[in-house]
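In full-length UniProt numbering, the protein residues as written are 1 to 771.
Every residue gets a Cβ at the ideal spot worked out from N, C-alpha and C, and that includes glycine.
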Amino acid sequence: MNASSRTLADSPSNKKPASGGGSRSIRVAVSIAALSVALALLSNNYDLSKVGQDFDALTLPVVAIVSVALLSNTLVAVIRFKIIANDMGDAMSWRRAMATVSAGSLAGALFFQLAGQLIARSAIMRRSGVPFANVVVITLYERAVAAALSALLAVGGAYLVFGRIYIDPDTGGADLVRLLFGLIAATIVGAIVGYGRSAMKAVVPLLSGHFTTSLLRVSAVSLFVQVPMMIAYVAIAHTLAPNVALLDLAAAASVVMFAASIPISLAGWGIREMSAVAALGMIGVSNHAAFTTAIIVGFGSLFSMAIVAAISLPILKQETVEGAGSTSASTIDFTKALSWTLPLAAATFVLFQVYLPVGSGLLNINLADPIALIAAALFVVTAREAGARSLWRIPGLNVAVAMITAVLTLSLLIGVESFGYTTWAWVNRYLGWFVLLAYGATGALIVAKGGEEGRRAVLLTYIGATIAVSAVDIGTLLLKLFEVDLTKKQNLEAFSQNHNFFAFQLLMATSAIFVVVRDKRLRVALMSIALVAFWFAGSRSGWIALLSITGVAIYMNAIRFREVAFALLIASVTACVPFLAQVATPSRTATISQASSSNRAITSSHAATSNQANMNGNSVPIRPEIVPSVVSTRERTFSMVEGWKLFETAPVFGAGLGAFRHLGFQGSSPGIPLLIHSTALWLLAELGIVGFVVFAIAFVRIFLVETKTYTEEASAVAVLCMVAFAVMSGPADMLYQRTFWLLMGAALAYSGEPAVETPKLRVKTAASATA
């Protein structure tokens, strides 16, 4: 099998990804890398002393124009924030608005962009009685409108600069189109299956004339936020390149502004400079002049925010005392609204693992990560405010989490002592653990606020989204019949970047389908689509895990054998249709024959290209890769043998977090290191017997408790998800799969309401009682 144990920031790909994750370390690395590329480009083509000459070329009037423009940008941003806060029912003074915006922007530049902004803003606004949820809504509203407007300006600017906007299918364009279709399908189907009617009832009353007026007003002000920044870019660039037309400079500036606003770097540094060199260079501005322009704008923006903060923050303390005791006047319970919106959004977007281009590499991220982090913060805040003791249905769950965190911390320290600091250990494994906890808290949030209805909504939403992306990927198979191969891969992966990870996502969805989908015909239809996707995913461990959870579900009477057999029949017929159609096409026979011969000729080069199109440009066959290659099997065996050897070196406390990665073994895919292909063996090797026992005790205890109450929907979902996790974790590392933690968080959360039993189990119990 070609399973991988890569986690939050490292998924298999034929490209070389940079480490992912949402940590500040990654953003700093992205900024440094991008700045380095820009500086390298300058040093290879120009004398760096010309940057100093560009600074000297700026006259006093130009400096004054840029200073006023950047300060105006900050003040108009304050106006926008104040308007949104007033529309939300959280009126505030100008000084407080200035302090909130400036402190939030500075904190975002020093910490995670969005997280730092929220922390600083909430610290200031809570003094006037504004709840954390309101701060989140205001900030997201503000950023959403700004991002949409900036994107529109960037598209127009790109068209003027580059002459046209063209999506090249050979350089990622096909993946982009497929991603957009997947996002739209997952959102629509997830909403229909999970929360469609409830959402309409809740949202339609909000779409009033007042909201429309507010949206138009905020959009107009956001445009005026962009204009001063654009003036600053144009003023500097025009001084350094006077022969370039002002309209071209404004168009290029819009592209640079949008690129700098994408939250993949530290306050835009590096990305701003690279995009300036690219966009301004296209219209005749020299690279050193473009670089100088970006540097001045970057420092000037921070300096403007610092001035506003220095003016407003010292006076804020006196105002806080005078206004103490004030509360939010909002008529909308934003805490409850976010408690529903964020988990449902996470259940939709958790399926999308994407690569963003940064410098010479790719940054691997999950679209739901920022949503989960915000939801986790809201969960902690609401839990503290409510003073609730019963957060989970399993007693002592928080203690188990604390113990696991402790052994991970100990393992991290052992690793630092043994072989030094590594980004993999700190970011991917250690900080990645807290990201997983955030997903668990996200699933629990909707249950804590929405009760059993919320639990069903998040599970059904995940089901709908998973089936939707499965259908989209199955659709790519049908396109191969028309010589259109979008994925260039034989096994379906959807948007998980790995066919085993996709199979695991399907297992989580199938576990929920067995339990929470009550309509028989809908249940069979959803299972049929899932089974077709399972087949074409080509994951052997996924098939074994599917058999396991199906047997357990039948044993628990969560699903009837007849329904499974009917769904299997439909899936079998459906899966045969594209293959038979391909065989029946004469022009495709040679391609299939060649691909089959290639599969039998197992070589090291086959390992690197087994999942890609044939070298002659033809599409891969419409069938999964059933038999694993020799190289894949050897790689898996080698990782386990070496993992066991590592365990033997330090059996009690382990060799330290990141120890196996530090050994430097390389996988069959170029540039991607080899990891241990087993969760249990990884725990033993790097955390030792102590760490393994801590994890195992927590897992077994939860499983045993849930099996005692498997007649309840929540317990049945938890049992099936844990069975799937246990089976697939044998030949692969599935510990850091977000979907498992999201669904387990929802299943284990305490709703404060009577437990809901599955209709089938309830009927069976009643019949037994009657007899």
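{"Check": "Cutoff 7 angstroms; reference G323; Cβ partners in own chain excluding five residues on either side", "Outcome": "Caution applies to G323, whose pLDDT of 47 falls short of 50 and renders its modelled position unreliable; the value that the coordinates give is listed next. Here the set comprises S128."}
{"Check": "Selected residue, minimal CA-CA separation from L397, among M744, E753, A755, V756", "Outcome": "M744"}
{"Check": "F699 vs I414 beta-carbon contact at 8 angstroms", "Outcome": "no"}
{"Check": "Residues that DSSP places opposite V137 in a beta bridge", "Outcome": "Beta-bridge pairing links V137 to no other residue."}
{"Check": "Meets three-Cβ-pair contact criterion under 8 angstroms: the stretch 342–354 and the stretch 442–453", "Outcome": "yes"}
{"Check": "Nonlocal neighbours in the same chain, by C-beta distance under 6 angstroms from V101, ignoring five residues either side", "Outcome": "A77, V78, F81"}
{"Check": "Within 8 angstroms, strictly: CB atoms of A375 and T461", "Outcome": "no"}
{"Check": "Where E706 sits in the DSSP three-state scheme", "Outcome": "helix"}
{"Check": "Which listed residue (V577, G658, F502, L378) has its alpha carbon closest to that of S122", "Outcome": "L378"}
{"Check": "Own chain residues within Cβ distance below 7 angstroms of A567, not counting five before or after", "Outcome": "V524, M527, S528, L531"}
{"Check": "Opening and closing residue of the alpha helix (DSSP H) in which G643 lies", "Outcome": "630–649"}
{"Check": "Straight-line Cα distance separating F349 from W741", "Outcome": "14 angstroms"}
{"Check": "Expected contact under 8 angstroms - CB spacing of T74 and V308 to nearest Å", "Outcome": "5 angstroms"}
{"Check": "Burial state of C721, where buried means 16 or more other Cβ atoms lie within 10 Å", "Outcome": "buried"}
{"Check": "At least 3 beta-carbon pairs within less than 8 angstroms: the stretch 246–259 vs the stretch 139–146", "Outcome": "no"}
{"Check": "S541 vs M728 beta-carbon contact at 8 angstroms", "Outcome": "yes"}
{"Check": "Within 8 angstroms, strictly: CB atoms of A533 and L506", "Outcome": "yes"}
{"Check": "Same chain only: Cβ atoms within 8 angstroms of T239, ignoring 5 sequence neighbours per side", "Outcome": "A57, L58, T59, V62"}
{"Check": "Three-state secondary structure assigned by DSSP to E231", "Outcome": "At residue 231 the sequence reads Ile, which differs from the Glu that was named. The answer is helix: DSSP assigns I231 an H, G or I state."}
{"Check": "Outcome for F501 when other beta-carbon atoms lying within 10 angstroms are tallied against a minimum of 16", "Outcome": "buried"}
{"Check": "Boundaries of the alpha helix (DSSP H) in which I676 is found, first to last residue", "Outcome": "No alpha helix (DSSP H) contains I676, which DSSP labels as neither H nor E."}
{"Check": "Run of the alpha helix (DSSP H) containing E713, from where it starts to where it stops", "Outcome": "713–728"}
{"Check": "Top-ranked residue by Cα proximity to A468, from Q53, G52, G89, T187", "Outcome": "T187"}
{"Check": "Beta-carbon proximity check, F514 vs I544, cutoff 8 angstroms", "Outcome": "no"}
{"Check": "CA nearest to the CA of R178, picked from E712, A438, S214, E493", "Outcome": "E493"}
{"Check": "Contacting residues, own chain, Cβ-Cβ under 6 angstroms from A571 (five flanking each side not counted)", "Outcome": "S528, L531, V532"}
{"Check": "Helix, strand or coil at W354 according to DSSP, with G and I counted as helix", "Outcome": "Reading off the sequence shown, one finds Val at residue 354, where the question assumed Trp. Here V354 sits in strand by DSSP."}
{"Check": "For Q666, the three-state DSSP class (helix, strand or coil)", "Outcome": "strand"}
{"Check": "Assigned secondary structure, I84 (DSSP; H/G/I helix, E/B strand, else coil)", "Outcome": "helix"}
{"Check": "Spatial distance of Q53 from T292 (CA atoms)", "Outcome": "10 angstroms"}
{"Check": "N287 in three-state terms, based on DSSP", "Outcome": "helix"}
{"Check": "Exposure label - E753; buried when at least 16 CB within 10 Å", "Outcome": "exposed"}
{"Check": "Endpoints, alpha helix (DSSP H) assigned at E452", "Outcome": "432–479"}
{"Check": "The stretch 414–426 / the stretch 649–664 touching (three or more Cβ pairs under 8 angstroms)", "Outcome": "yes"}
{"Check": "Within 8 angstroms, strictly: CB atoms of F434 and G182", "Outcome": "no"}
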